[in-house]
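Quick note on the working numbering: the sequence shown kicks off at 78 and runs consecutively. Even glycine gets a Cβ: it sits at the ideal position worked out from N, Cα and C. Please read the structure below before turning to the comments.
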Amino acid sequence: MKSQIQPDSTVRPLDKSGFIPLYYQIQRALMEKIHSGELSTGDPLASEEELARIYQVSRMTARQALHGLKTSGFAVSQKGRGTFVTRPKLEKNIMHLRGFTEDMKHLGMVPSSKLLEQTVVKATAELSEKLRVETEEVVMRLRRLRLADGIPMALEESHIPLKQFPGLEKINFAKQSLYFVLRESFGVRVGWADEVIEALPATREESELLTIPKKASILSISRIIMTTEETPIEVACSRYRGDRYRASIRVPTTTIE
């Protein structure tokens, strides 16, 4: 664990004669250390007393700097332990139907995948009903660990009917985007999706793969993807880290009476 206190010689002096508030200058200095990687998620931050001494300011000013980091999602306080670096939660806008790859690129992050399973299986009664295929018709089961900037973010499991997409099972989806392939190689045009969103405790496997505590909260989104021709093409379940994700939705004013 890194030291909370940095040597005074490495601290950039505050501009006490300018117009930028001192607390914001401290907050900005700490943010620069986070963005540069000098401070990482889980690292302890200096206390109010330490910041006040290092920057030669009042404890109130130091408290405002830490408060600013916490309200912006870059720090969290733990009772009896101190304040630690964290990361703001990513918004999962459930009104926009985007795959993980597109989501991460939209957020300015680099997406990648670790392939856990890519097999051909027979559809169960539940899958056959949702995908509108015959029971025991073959489908591709795809399980991937999804990462952003190298950090595990989500577990995804998909079932896709191979009768509609022959040869799909031969594509390496550790490197390819599923929706890109369906769109560009098979001409699929996604119309809409039925989704069910739940907060669930992580299983042992999920906690290990997502590097989160056992039974930590996860955001689970189960969905059926439909084409513009009203044909189901995927039954999927995505499990997102609860400490990094939150669902958001914009509600039209017409729904408020």
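* Counting only runs of 4+ residues fully inside the region 234 to 315, write out the alpha helix (DSSP H) ranges in chain order. => Counting whole runs of 4 or more residues, the region 234 to 315 contains the alpha helix (DSSP H) stretches 255 to 263, 281 to 286.
* Please check the pair residue 123 and residue 111, which I expect to be a contact at CB under 8 Å, by giving their CB distance rounded to whole angstroms. => In fact, because the Cβ distance is near 13 Å, the residues do not count as touching under 8 Å.
* Are residue 196 and residue 188 close, meaning C-beta to C-beta below 7 Å? -> Going by C-beta atoms, residue 196 is not nearer than 7 Å to residue 188.
* Straight-line gap, residue 247 to residue 186 (C-alpha atoms, nearest Å) -> Roughly 28 Å separates the two Cα atoms.
* Asked: When DSSP builds the beta bridges, which residues end up paired with residue 321?
  -> BP columns for residue 321 are empty, so no partner.
* Same chain, Cβ closer than 7 Å to residue 114, five either side skipped, listed in chain order -> Taken in chain order, the list of residues that qualify is empty.
* Grab the span of the beta strand (DSSP E) containing residue 66 for me, first residue to last. => It is not possible to answer for residue 66, since the shown part of the chain is limited to 78 through 334.
* Go ahead and pull the three-state DSSP assignment for residue 154. => In this structure, residue 154 counts as strand in the three-state DSSP scheme.
* If you pair each beta-carbon of the region 221 to 234 with each one of the region 305 to 317, do three or more pairs fall below 8 Å? -> Cβ pair count under 8 Å is three or more, so yes.
* Pull up the distance between the alpha-carbon of residue 83 and that of residue 288, whole angstroms please. => Annotation note: pLDDT 46 at residue 83 (below 50); position unreliable, no value reported.
* By the 10 Å Cβ neighbour count, where 16 or more other Cβ atoms means buried, how is residue 255 classified, buried or exposed? -> By the neighbour-count rule (16 or more Cβ atoms within 10 Å), residue 255 is buried.
* Within its chain, find whatever has a CB closer than 6 Å to the CB of residue 157; leave out the 5 residues flanking it on each side and keep chain order. => Non-local C-beta neighbours of residue 157 in its own chain, meaning closer than 6 Å and more than five positions away in sequence, are absent.
* Asked: Cα separation between residue 241 and residue 208?
  -> Computed Cα separation, rounded: 11 Å.
* residue 301 versus residue 259: straight-line alpha-carbon distance, rounded -> Note on geometry: alpha-carbon atoms of residue 301 and residue 259 lie some 15 Å from one another.
* **When 268, 218, 192 are compared against residue 249, the one with the closest alpha-carbon** => Closest option to residue 249, judged by alpha-carbon separation, among 268, 218, 192: 192.
* Given residue 126 as reference, the closest of 164, 117, 136 once Cα atoms are compared -> The shortest Cα separation from residue 126 among 164, 117, 136 belongs to 136.
* **Environment of residue 85 [buried if 16+ CB atoms lie within 10 Å]** => Reliability of the predicted coordinates at residue 85 is poor, the pLDDT of 46 falling under 50, and no value is obtained from them.
* **Start-to-end residues for the beta strand (DSSP E) that takes in residue 163** => Taken as a continuous stretch (DSSP letters only), residue 163 belongs to no beta strand (DSSP E), as it is neither H nor E.
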